[in-house]
Amino acid sequence: MAKSGLAARLYRGEADLNIVGKRKLWFAVAGALVLIAVLSFAIRGFSLGIEFAGGNSFQVPASVGTLDQAERTVDDVLAKEAPGVEVVTAQKVGGAGGETYEMRTGQLSQDQANAAKTAMAEEFGIQADQISGSQVSEAWGSQVTSRALLGLLIFIAVVSIYLVLRFEWRMAVAAIASLLTNLVLTAGIYSLVGFEVTPSTIIGFLTILGFALYDVVVVFDKVQENTRGITANNNLTYGEASNLALNQSLMRSLNTSVVALLPVGGLLFIGAGLLGAGTLKDLGLVLFVGMAVAFLTSILLATPLLVLLKNQDPRISAHNKRVLARRGALARGEITPKGAPRAAPVGDEPIDPEAAALAGAAPKVGARPTGKRPSGARGGRPAGGGGNRPGGAKRR
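When you line the sequence shown up against the numbering used here, it's residues 997 to 1392, in that order.
Structural data, given as structure tokens:
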């Protein structure tokens, strides 16, 4: 019979992928990526939007031409009116019939902003009042950041309490470590690639926490089911039972991630990319990156870290040693698995079937005979009941 493919075995939970057994590899990879992310934070930093860095925003009617043409015109104007300042981002906003181009620039003084607005109107051939401008202070972004951090701390506290009550403290530690790793890696991608950080990005960061937590809880629920009462038998170690749970829930986690990424990818690639809905780009980008990273951390980091913590428990450690000792005894032939026939001692001659039958029929030493008693006899005595007892014979 042909072997089934990997996809079919994944669906049945029979892929037997050794994820937990390679936890040192996953920890090393995660540690290296976190180190790269932290170095990127320190060296490159983040590309902050005007809400965080401060700046000006100009909105120009889309009727002036294409987005690229409008961006080049604004850059030329800024080079004359405010040397050193340029367009940071340009995107199309608004609905049908009311589309505008939003140009975000560096910080301008009030006089520079007014002069730039007048020069833009002349270059585009429109009235100055058709161009709207605004100035954003970096203090607003600081308030958003502080409230986001406060919300993150509250979220982690509530999640920790839930996981301790629902599972145990070791699972809570593993889940929170996975969530924080997810945040650091997602932020590292933003820093390395240079994606702009906006308030929508902060909202997206808080959103992916819920998705990452859901995936971890699904896996941990299966781990708890597989390891309940595990010390009562000597068949599987805690790590092996957890790895089995990962294989059994892997396809479910993968399906959940794909289903979640499809609409987010639609927002990002179709809404922001093809249709030019720039307001969706910031939110869609962080959700897409964060959800993809969350799937990997929930599978490759959360459960292996849980196994590492559980193996420090004396009860689980003693159980693992018993399982490994039993397997060693089985491999050496010192014990026989239940239901398996006992093998003949090494070096003995083959057993004759008739001799085996006779030996099997022979009673053990000190055992009562199991054969059928002679008909009409009781206890091996002659029929008639008297034996040598006087009067035992029937009188005529």
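The beta-carbon is built from N, C-alpha and C at its ideal position, and this holds for glycine as well.
Nearest in C-alpha terms to L1257, of all of F1207, D1012, P1310 and L1202, is F1207. L1242 and A1112 have their C-alpha atoms some 59 Å from each other.
Going by C-alpha positions, N1316 is about 20 Å away from A1170. Distance from the CA atom of G1329 to the CA atom of N1222, rounded to whole angstroms, is 29 Å.
Apart from sequence neighbours up to five positions away, the residues of its chain that approach D1071 with a beta-carbon distance below 8 Å are E1082 and V1083, ordered along the chain. Under the three-state reduction of DSSP, Q1103 is assigned to coil, being neither helix nor strand. According to DSSP, residue pairing for L1302 in a beta bridge does not occur.
As the crow flies, the alpha-carbon of F1023 is around 58 Å from that of D1125. Sequence-distant Cβ neighbours of V1215 in its own chain, meaning closer than 8 Å and more than five residues away, are A1241, L1242, S1245, S1249, S1294, I1295, A1298 and T1299. Collapsing the DSSP output to three states places T1194 in coil.
Here DSSP, grouped into helix, strand and coil, assigns S1245 to helix. With 16 or more other Cβ atoms inside 10 Å of its own Cβ, I1198 counts as buried. In the same chain as E1077, and ignoring 5 residues on each side of it, the C-beta atoms closer than 7 Å to its own belong to Q1108, A1111, A1112 and A1115, in chain order.
Sixteen is the threshold: since fewer than 16 other Cβ atoms of the shown chains lie within 10 Å of the Cβ of I1157, the residue is exposed.
Rounded to the nearest whole angstrom, the C-alpha separation of P1195 and W1165 is 33 Å.
T1096 carries a strand assignment under DSSP once its states are collapsed to helix, strand and coil. Within the same chain, E1082 come within 8 Å of A1075 by CB-CB distance, once the 5 residues on both sides are set aside. For S1130, same chain residues with a beta-carbon under 8 Å away, outside a window of 5 residues either side, are N1052 and S1053 in chain order. Inclusion of V1180 and Y1186 in the CB contact set at 8 Å is not warranted, their separation being larger than that value.
Distance between G1200 and P1310, taken at the CA atoms: about 41 Å.
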